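K.L.:
In the working numbering, each residue's number is its place in the sequence shown (first place is 1) plus 62. Ideal Cβ positions, reconstructed from N, Cα and C, are used throughout, including at glycine. Computed from a predicted structure; not experimentally measured.
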Amino acid sequence: MFRDPDSLVDFTTANTDLEAQEILSELASHGIHAKIFSISISTMRIYSSEAIRIMVRRADVQRAADALRIFQKQPAFDDWSGVDIGDMSTLRRSEIAVMGMVCPSCRYDLSGLDLKKTDRCPECGAGFAERSVTFVPRAVLQPREEMHRRSYRTLAALCGICVLLVLYFTWDTRLMDWFMTRGTAVFLDPLSQP
């Protein structure tokens, strides 16, 4: 059977998108074109246990394996002791609050707030120092949306259960039985009379 050297084949898997992007970047630095196949951008599959597939051309499999072997032997961290990062005292306070900054007293989201103009929370008025402002993940800032999502899922599940119960208990009834009830007869009799 003829195997096309330009067809994509599974090369390796990664556990996270970050790891997959690192492998993709390393392969690209060696001139190997690779693709990542992942469905983790879907909001329903964020914590998926399914591995992320990385595919390369059939002709590049051996080169990619050699490049990945060399990449995995490299140390994870570089030695930063000899790196001069300059004077850090000028970087004490940023001008704009970054995503995830919250007020320490009321937990108001300070993202995008101009910190040079104010040192107080616009929501509660509490003053905060540079070190008292905390960072929290985006998921913690939006617990209401998570609560709504869970309640909608619970409501949908309950509605589904109700539909199944109605179908189960009324499965052997006939359509004519619905027309024969007293309530429907009161409404349908005047319509059937000329």
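Between the stretch 122 to 130 and the stretch 80 to 94, can you find at least three pairs of beta-carbon atoms closer than 8 Å?
P.N.:
Yes: at least three Cβ pairs fall under 8 Å.
K.L.:
Return the first residue and the last residue of the beta strand (DSSP E) that K178 is part of.
P.N.:
No beta strand (DSSP E) holds K178; DSSP gives it neither H nor E.
K.L.:
Is the Cβ-Cβ distance between M117 and L172 less than 7 Å?
P.N.:
Not a contact, by the Cβ cut-off of 7 Å.
K.L.:
At what residues does the beta strand (DSSP E) containing A96 begin and finish?
P.N.:
A96 -> beta strand (DSSP E) spans A96 to F99.
K.L.:
From this set, L175, K179 and A188, which residue's C-alpha is nearest P166's C-alpha?
P.N.:
It is A188 whose Cα lies nearest to the Cα of P166.
K.L.:
Going by other Cβ atoms of all chains shown within 10 Å of its Cβ, with 16 needed for buried, is D122 buried or exposed?
P.N.:
Its Cβ being crowded by 16 or more others within 10 Å, D122 is buried.
K.L.:
Among all the DSSP beta bridges, which residues are the ones paired with A76?
P.N.:
DSSP lists I114 as partners of A76.
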